[in-house]
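Asker: Under mature numbering (1 follows the signal peptide of the UniProt record, and there is no 0), the residues of the sequence shown are numbered -25 to -1, 1 to 343, in order.
The structure under discussion is supplied below as structure tokens; questions concerning it will follow.
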Amino acid sequence: MNRKYQSPTCILLALLFTSTGQALGEVLDDSLLSRQTANSCLLGLPDMPGGFTERRQVDFSVAKAGDDAAGLLRTYGLSISNYPVASQPVTRDFRRENVRLGDGTLDLHVNAYSEADGTLYSAEVLTDDTFKYASVRTVLKSSRTPGVVQGNFFFLNDNQEIDFEILTSTINTATPCVPAGIWAVNQPLTPGQSSTSQPILLSFDPADDFHEYRVDWSANATTFYIDGEQRAVLTTNIPTEFGRWIWNAWSSGDPCWSNGPPQADSITQIRSIDIFTGYSDSAASCPGTPALITQSTSTSGPRSSQTSSSTRPTSSPPTVSGGGSATNTPITPNTDSDSDIPPPSSGALRRMFEPLSWVVLLPTMFLV
């Protein structure tokens, strides 16, 4: 029997399934858009629109002493620095072997100074990618060895830099050159100008236990937290360019900054790093943080006349393991970001499901 004509029943079924496909597409389309809107922003800051769309969590709690530090860091887009700095009065040298894994920690080592060697061997880790604006939280335990600087900071060059630094010699005791406290600093945007800085006095010994040190960098401020409590807000000399985040431990023997040189080995232990980046001014549904801009501290204290904690050699750029690099010249930002990809337009999934219903039902329409 020839089945050339559609029965009314088949036509009704086709129309019904077409409508069902259209409705299903609309439901799924709306559901996907809802999820993308909810997930488009992971963290917002109260002093700027939009927020951060990317998060990188690095947990060292499962690390074992002797494991491959460079390999583990590479999986998180982090690299180990390997270059010397002609610092004064003692040269420091960031070495791969001074970045190691401990039991549950990433350890940054600074070797005890030897006059016979004349070099302070230090440690540094940095992000492979560059970004503009971020919220970075580092859980670390300070070294007890005097004469060491422990840095957690943003860096492009000496005029695009945010520092959160613990100086082990002056945490609670001032010297003639350096006030007591740990340091929140925005380096000057213009060479020769003063930095913006504030020493933060602590009510605890940072070498006794792990604490979270957090920096929120927005267009309007750099805000510094310790264990979730806001401790400093700087609203001048805010960096405006893309750069990397760096963690290091070092000394130069400078009596007006690091002090030392250290007479014993030093270990700075990092338990975890949490980085929010991918800033978008159009990100929706962004949860804010309790941080409020309440003060602006501008000083021309000791940091304004000191060499930056992350001073780079001026001859050739340092090399790093893991494929990254840190240079003394502006870094081209990565524009290939998921945050630049718009969500599907309304009805995209509906349009996808409409043809499917016809494909499934077309053969049945020729049955009588």
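Every residue, glycine too, gets a C-beta built ideally from N, C-alpha and C.
Could you pull out every unbroken beta strand (DSSP E) segment of at least 3 residues lying fully inside the region 89 to 144, listed in chain order?
Answerer: Entirely contained in the region 89 to 144, the beta strand (DSSP E) runs reaching 3 residues are, in chain order, 94 to 102, 109 to 116, 124 to 132, 135 to 142.
Asker: In terms of residue numbering, what span does the alpha helix (DSSP H) encompassing L83 cover?
Answerer: Unbroken run through L83 is the beta strand (DSSP E), 81 to 85; no alpha helix (DSSP H).
Asker: Which residue spans inside the region 23 to 71 form an unbroken alpha helix (DSSP H) run of at least 4?
Answerer: Qualifying alpha helix (DSSP H) stretches, in chain order: 44 to 50.
Asker: Can you tell which of V74, F129, S226 has the C-alpha that lies nearest to the C-alpha of G122?
Answerer: Of the listed residues, the one whose Cα sits closest to G122 is S226.
Asker: For the beta strand (DSSP E) that D249 lies in, which residues bound it at each end?
Answerer: First-last of the beta strand (DSSP E) with D249: 241 to 255.
Asker: Using 8 angstroms for Cβ pairs, my map puts V74 next to A98. What's the rounded Cβ distance?
Answerer: The pair is a contact, with the Cβ atoms about 5 angstroms apart (cut-off 8 angstroms).
Asker: Using three-state DSSP, classify N161 as helix, strand or coil.
Answerer: In the structure shown, N161 sits in a strand (DSSP, three-state: E or B).
Asker: For G156 and Y254, I'd like the C-alpha separation in whole angstroms.
Answerer: Approximately 31 angstroms between the Cα atoms of the pair.
Asker: Please report the straight-line C-alpha distance between W220 and S247, rounded to a whole angstrom.
Answerer: Distance between the alpha carbons of W220 and S247 is about 14 angstroms.
Asker: Along the chain, where does the beta strand (DSSP E) containing N223 start, and where does it finish?
Answerer: 219 to 225 is the span of the beta strand (DSSP E), which, as asked, contains N223.
Asker: From this set, R30, A44, F35, M23, which residue's C-alpha is nearest I245's C-alpha?
Answerer: It is F35 whose Cα lies nearest to the Cα of I245.
Asker: State the beta-bridge partners of V208 as determined by DSSP.
Answerer: T198, per the DSSP bridge assignment.
Asker: Could you tell me if A207 is buried or exposed, where buried requires 16 or more neighbouring beta carbons within 10 angstroms of its beta carbon?
Answerer: It is buried - the Cβ of A207 has at least 16 other Cβ atoms within 10 Å.
Asker: What are the boundary residues of the beta strand (DSSP E) that E187 is part of?
Answerer: Its beta strand (DSSP E) spans residues 186 to 192.
Asker: Exposed or buried, which one is Q135 when buried takes at least 16 other CB atoms within 10 Å?
Answerer: So Q135 counts as buried.
Asker: What separation, rounded to the nearest whole angstrom, lies between the Cα atoms of V160 and T145?
Answerer: In a straight line, the C-alpha of V160 is about 16 angstroms away from that of T145.
Asker: Would you say S54 and L101 are within 9 angstroms of each other, going by their C-beta atoms?
Answerer: For S54 and L101, yes; Cβs fall inside 9 angstroms.
Asker: Are V65 and R189 close, meaning C-beta to C-beta below 9 angstroms?
Answerer: For V65 and R189, no; Cβs fall outside 9 angstroms.
Asker: Contact defined as beta carbons within less than 8 angstroms: I believe F217 pairs with F106. What is the distance between those atoms, to the nearest angstrom?
Answerer: 6 angstroms between Cβ atoms; contact.
Asker: Taking the alpha-carbon of L81 as reference, which of D249, C261, T243 has the nearest alpha-carbon?
Answerer: Nearest of D249, C261, T243 to L81, Cα basis: T243.
Asker: Tell me which residue opens and which closes the beta strand (DSSP E) that I175 is part of.
Answerer: Start and end: 171 to 175.
Asker: Can you pull the DSSP bridge partners for L76?
Answerer: Paired residue(s): L81.
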